[in-house]
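What follows is a single structure, written as structure tokens, with notes after it.
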Amino acid sequence: VQLQASGGGLVQAGGSLRLSCAASGSSFRINVMGWYRQAPGKQRELVARINSGGTTNYDDSMKGRFTISRENTKNTVYLQMNGLKAEDTGVYYCNARRGIYNEYSYWGQGTLVTVSS
């Protein structure tokens with residue numbers, strides 16, 4: 054599975070960005086797609102994830118500001134980010150999981166989001 058992420062960039066605090074990630078290269082069903090981010094000097098953390106049925110999970114700090122969605126027919130996941138804060142700055146990675154126990158995990162190359170205060 055190859056993941057191609059796009060949509061990062063520079064935005065002022067309070068602004069919005071929409072990230073996209075398209076999965077390709079596999080005939081297997083992708084169960085879960087999600088976004089993680091890694092801020093400078095910090096560990097990678099979950100932002101949000103969504104399963105093929107549309108059930109979502111968010112990190113508490115992003116609830117109400119970020120919305121994850123998915124187009125199963127296109128194997129594409131989106132992350133709409135509103136009300137961006139300087140602390141949202143980081144590299145955002147797309148993740149996809151497949152398998153009976155979601156044991157196969159794939160990562161995209163990351164897209165940089167920079168929020169200026």
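Heads up: the sequence shown begins at 54 in my numbering, then just goes up one per residue.
We put the CB at the ideal spot given by N, CA and C, even for glycine.
Name the residue from the options whose alpha carbon lies nearest to the alpha carbon of residue i.
i: residue 108; options: 89, 161 and 84; result: 84
i: residue 134; options: 127, 128 and 142; result: 142
i: residue 55; options: 160, 166, 168 and 165; result: 160
i: residue 126; options: 82, 149, 64 and 139; result: 82
i: residue 103; options: 170, 123 and 153; result: 123
i: residue 79; options: 136, 149, 118 and 106; result: 149
i: residue 167; options: 137, 155 and 154; result: 137
i: residue 155; options: 68, 116, 96 and 105; result: 105
If contacts are defined as beta-carbon pairs under 8 Å, then residue i and residue j qualify, I think. What distance do you get, rounded to the angstrom?
i: residue 132; j: residue 100; result: 7 Å
i: residue 76; j: residue 128; result: 4 Å
i: residue 87; j: residue 72; result: With 8 Å as the limit, residue 87 and residue 72 do not qualify as a contact, their Cβ atoms being about 11 Å apart.
i: residue 151; j: residue 157; result: 5 Å
Short of 6 Å in beta carbon distance, which residues of its chain neighbour residue i, apart from the five on each side in sequence? Order them along the chain.
i: residue 120; result: 133
i: residue 74; result: 56, 58, 130, 147 and 161
i: residue 165; result: 61 and 144
If you run the structure through DSSP and keep just helix, strand and coil, what is residue i?
i: residue 92; result: coil
i: residue 148; result: strand
i: residue 76; result: strand
i: residue 108; result: coil
i: residue 170; result: coil
i: residue 139; result: helix
i: residue 69; result: coil
Once the 5 residues before and after residue i are set aside, which same chain residues still bring their CB inside 8 Å of it?
i: residue 93; result: 142 and 143
i: residue 169; result: 63, 64, 65, 66 and 139
Which residues in the same chain as residue i place their Cβ atom closer than 7 Å to its Cβ, once the five residues preceding and following it in sequence are excluded?
i: residue 98; result: 89, 90 and 112
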